[in-house]
Amino acid sequence: METPELSFAEQLDRFRTTTKSYTCRGLILPGTRQPDTAALLIGALKPASVAFLLTAETQSMPQQVAALLGCDGSDWQQPAGDHLTVTQIYQALKDLLQHWSHLSPQSIAVDVTGGMKPMSVGLAKAAHVLNLTTVYVHSRAFHQNKPVPGTQYLE
Numbered sequence: 034m035e036t037p038e039l040s041f042a043e044q045l046d047r048f049r050t051t052t053k054s055y056t057c058r059g060l061i062l063p064g065t066r067q068p069d070t071a072a073l074l075i076g077a078l079k080p081a082s083v084a085f086l087l088t089a090e091t092q093s094m095p096q097q098v099a100a101l102l103g104c105d106g107s108d109w110q111q112p113a114g115d116h117l118t119v120t121q122i123y124q125a126l127k128d129l130l131q132h133w134s135h136l137s138p139q140s141i142a143v144d145v146t147g148g149m150k151p152m153s154v155g156l157a158k159a160a161h162v163l164n165l166t167t168v169y170v171h172s173r174a175f176h177q178n179k180p181v182p183g184t185q186y187l188e
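Numbering (our numbering), first residue to last: 34 to 188.
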């Protein structure tokens, strides 16, 4: 399947049309190998507070996301630890919610698109219990097990 190359700006413009008027004040993202997905969410939803729950292998993800968005990302939270287990995810979420006590739980979104299975399960379970919004970036088309740029949408 041949796909035309889209700049990240073009991908973001297309993605924004799928988010309608949805916004969030806080966004929590798992460390994944999909910086495009995180950048689409941050760029479209424009959260005031962003946090990445990283693993040893995904430490560079925030810098990759910042490069895509053309910003420095220095104010993004990166709780210490290797967030591989459900317990580590719960503890990080608890700490973030204390740090973000000025935000209502309903204004905080948790991305469950990528990450290792324990991360996604932990984030989804904790989001449900804590009354946080769960967001997922889906794609209308895949090529070699990756989303085709420009086909992603918020679900």
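All C-beta atoms, glycine included, are put in the ideal place defined by N, C-alpha and C.
Alpha-carbon spacing of Met34 relative to Ala77, whole angstroms: By one-based count along the sequence shown, residue 34 stands at place 1. By one-based count along the sequence shown, residue 77 stands at place 44. At Met34, the pLDDT of 43 sits below 50, so the modelled position is not reliable and the matter cannot be decided from this model.
Contact under 9 Å by Cβ, Leu126 with Leu163: Start at 1 with the first residue of the sequence shown, and residue 126 comes out as number 93. Start at 1 with the first residue of the sequence shown, and residue 163 comes out as number 130. Yes, they are a contact pair.
Pick from Gln131, Val119, Lys179 that is closest to Gln110, judged by C-alpha positions: Translated into positions along the sequence shown, residue 110 becomes position 77. It is Gln131.
Which listed residue (Gly59, Lys53, Pro63) has its alpha carbon closest to that of Gly155: The sequence position of residue 155 within the sequence shown is 122, counting from 1. It is Pro63 whose Cα lies nearest to the Cα of Gly155.
Residues of its chain near Thr184, where Cβ-Cβ distance is below 6 Å and the 5 sequence neighbours each way are ignored: Reading the sequence shown from its first residue, position 151 is the one you call residue 184. The answer, listed in chain order, is Ser172, Arg173, Ala174.
Straight-line gap, Thr120 to Ile61 (C-alpha atoms, nearest Å): Residue mapping note: residue 120 aligns to position 87 of the sequence shown, counting from 1. Residue mapping note: residue 61 aligns to position 28 of the sequence shown, counting from 1. Near 16 Å, if we compare the C-alpha coordinates of Ile61 and Thr120.
Contacts around Pro188, its chain only, beta-carbon distance under 8 Å, and the 5 residues preceding and following it disregarded: Numbered from its first residue, the sequence shown carries residue 188 at position 155. Checking the displayed sequence, the identity of residue 188 turns out to be Glu instead of Pro. Cβ neighbours of Glu188 beyond the five flanking positions: Val168, Tyr169, Val170, His171.
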